[in-house]
Structure formats: C-alpha cells, structure tokens
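Remarks on the structure that follows.
In the numbering used here, the protein residues as written are 1112 to 1215.
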C-alpha cells in the first residue's frame, strides 16, 4: 500500500479515531486495508479510554508496539508448532521403519 494512485490502484479513505486518511491500494488490498484500519482504530480507542496515553502520535506508537508484540508472540508459537510437527514426522517415520523391520 502506498499513496500514489495508478490506473490499477484506488484511493481509500480510512478513519483512525477522529481522523480520516487517504491511502492508495489495489482492489485486492482494499478489504485487508479496511480491516487493518478498523483494528488499529479499535486499539487506539482502547488506549484512549485508559487515559494513560495522550496525543495521536504517542497513541499510534503504543498501538504499533502492541501489534508488533502480538505478531512476535504468534510467530514464536508458529515456529514452535512447526518444530513439533517436524519432530512428530520424524518419530512417525522411525515407528514406520521399526514396524517394517519387525515384519521382515
């Protein structure tokens, strides 16, 4: 997503809290962009309600850090799942080989 509309791109207006922003994106990116804006705006609203963070720039920084942390946690979980899947596959293969050897 960028801010340079081209023939295959369109400009979409998104709202973050009380402000509107125009962002250029392709038709395929539009639904994800709108969902992303809704997610960010919701996180900003939660932070605003706590009253602990003042100012749009600071609020956006906190939201970015929170989302980055959530992403890293999910990536770690995904890596652990992949490692477990790999280990399960290794053990399954070992069991198969042991069974094959015992049948011979």
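Heads up, the beta-carbon is just placed ideally off N, CA and C, and yes, glycines get one too.
Keep in mind the model is a prediction, meaning the values are calculated, not measured.
Sequence-distant residues of the same chain with beta carbon closer than 8 Å to residue i, five excluded per side
i            : result
residue 1097 : Given that the chain is displayed from residue 1112 to residue 1215, the structure contains no residue 1097 and the question cannot be resolved.
residue 1156 : 1128
Residues near residue i by beta carbon distance below 7 Å, same chain, minus five either side
i            : result
residue 1119 : 1137
residue 1194 : none
Sheet register partners of residue i (DSSP bridge)
i            : result
residue 1150 : None; residue 1150 has no bridge partner.
residue 1133 : 1124
Distance CB(residue i)-CB(residue j) smaller than 7 Å
i            : j            : result
residue 1182 : residue 1151 : no
residue 1121 : residue 1133 : no
residue 1165 : residue 1158 : no
Run of the beta strand (DSSP E) containing residue i, from where it starts to where it stops
i            : result
residue 1183 : First-last for residue 1183: 1167–1214, but that is the alpha helix (DSSP H), not the beta strand (DSSP E).
residue 1123 : 1120–1127
Contacts around residue i, its chain only, beta-carbon distance under 6 Å, and the 5 residues preceding and following it disregarded
i            : result
residue 1124 : 1131, 1133
residue 1206 : none
residue 1143 : none
residue 1148 : 1125
residue 1196 : none
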